[in-house]
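Visitor: Note that the sequence shown covers residues -12 to 180 in the working numbering. Glycine is no exception: its CB is placed at the ideal position from the N, C-alpha and C atoms.
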Amino acid sequence: MLQGARHAHINALNSAANELEMEIKVFELRKDTDLLESDPHVIILPGGESTTMRLIGNGTNSQLLPELFKWMRNNPNNPVMGTCAGAILLSDPQDGGGKIVDVQVNRNGYGGQSESFQSIVNSDLIDGEFLGVFIRAPRFSSIGPKSIPVVSHDGEIVGVRTNNRIALTFHPELSNDNSFHKWLLSKALGVSS
């Protein structure tokens, strides 16, 4: 809950849970103690502005990002989704530990705000097409051996998976389709059962 389209993610999660006929509780994480008190099964790092997210999340009043990355490494099977700026944070945590998702990312790889666009993407995760919303989107410059491509747009990889962690260069929460959020919740069910 540091910055970005976090409320759109909450709406998509609630919609996905409703379709899956499961109950969920959403925790709004703003500081390290929020994470420690909630013990989540799923983490979403939303889009927004990665520099701002780092400044707030590493600040003395929050310390959320160091605790989040530690949680991700200590819970390697729990699903995580990073969208746009969240994908940048997963690829480069800047906390002295390794990558959460094995990719290199170029910030604003498609250009500035005026180059933002919407287009159909294809994904093996959701077995079909999806409307991708790309806003000052990053681009993957390389994909490491621990990651596999899971979403493409016109032959370019725009989503990767490392174990149960996915990094997407677009904003699935801004579409009317909650397929990626359903995938995330389904993975959480598999881990917690």
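Over what stretch of residues does the beta strand (DSSP E) that includes Leu112 continue unbroken?
Guide: Leu112 -> no beta strand (DSSP E), and no H or E assigned at all.
Visitor: With a 10 Å radius around its C-beta and 16 neighbouring C-beta atoms as the bar for buried, classify Asp89 as buried or exposed.
Guide: So Asp89 ends up on the buried side.
Visitor: Tell me the rounded alpha-carbon separation between Leu171 and Ser101.
Guide: About 31 Å.
Visitor: Suppose the cutoff is 8 Å on Cβ atoms and the five residues either side in sequence are ignored; what does the same chain contact list for Phe56 look like?
Guide: Correct list, in chain order: Pro80, Asp82, Gly84, Ile87.
Visitor: Can you list, in chain order, the residues of its chain whose CB lies under 6 Å from that of Asn165, leaving out five sequence neighbours each side?
Guide: Answer for Asn165: Ala(-1), Ser2, Ala3, listed in chain order.
Visitor: For Asn93 and Ser128, which I take to be in contact (beta-carbon distance under 8 Å), what is that distance rounded to the nearest angstrom?
Guide: Yes, they are in contact, since the Cβ atoms of Asn93 and Ser128 sit about 5 Å apart, within 8 Å.
Visitor: Using the Cα positions of Glu160 and Val108, report the straight-line distance between them to the nearest angstrom.
Guide: Cα to Cα, the separation comes out at about 14 Å.
Visitor: Evaluate Ser180 with the Cβ neighbour count: other Cβ atoms within 10 Å of its Cβ, from every protein chain shown; 16 or more gives buried, anything less gives exposed.
Guide: Bear in mind that a pLDDT of 46 at Ser180, under 50, signals an unreliable position, so the number given afterwards is only what the model happens to contain. Its Cβ having fewer than 16 others within 10 Å, Ser180 is exposed.
Visitor: So, at 7 Å on beta carbons, what are the nonlocal neighbours of Ile113 in its own chain, with the 5 sequence-adjacent residues on each side left out?
Guide: Excluding positions up to five away in sequence, the list reads Ser166, Phe167, Trp170.
Visitor: Under the three-state reduction of DSSP, which class applies to Ile75: helix, strand or coil?
Guide: In the structure shown, Ile75 sits in a helix (DSSP, three-state: H, G or I).
Visitor: Can you grab the Cα-Cα spacing for the pair Asn155 / Val138, in whole Å?
Guide: With the sequence shown as reference, residue 155 is identified as Leu, and Asn is not the correct amino acid for it. Cα-Cα distance, rounded: 8 Å.
Visitor: Note the first and the last residue of the continuous alpha helix (DSSP H) segment covering Thr149.
Guide: Element bounds for Thr149: not the alpha helix (DSSP H) but the beta strand (DSSP E), 143 to 149.
Visitor: Name the two residues that bound the continuous beta strand (DSSP E) containing Thr20.
Guide: Not the beta strand (DSSP E): Thr20 falls in the alpha helix (DSSP H), residues 19 to 25.
Visitor: Going by beta-carbon coordinates alone, are Leu32 and Gly96 separated by less than 8 Å?
Guide: Taking 8 Å as the Cβ cut-off, Leu32 and Gly96 do not qualify as a contacting pair.
Visitor: Whose C-beta lies closer than 7 Å to the C-beta of Ile243 among residues of the same chain, with five residues either side of it excluded?
Guide: Absent from the structure is residue 243, since the part of the chain shown begins at -12 and ends at 180.
Visitor: For Arg17 and Asp111, I'd like the C-alpha separation in whole angstroms.
Guide: Those two C-alpha atoms are separated by around 32 Å.
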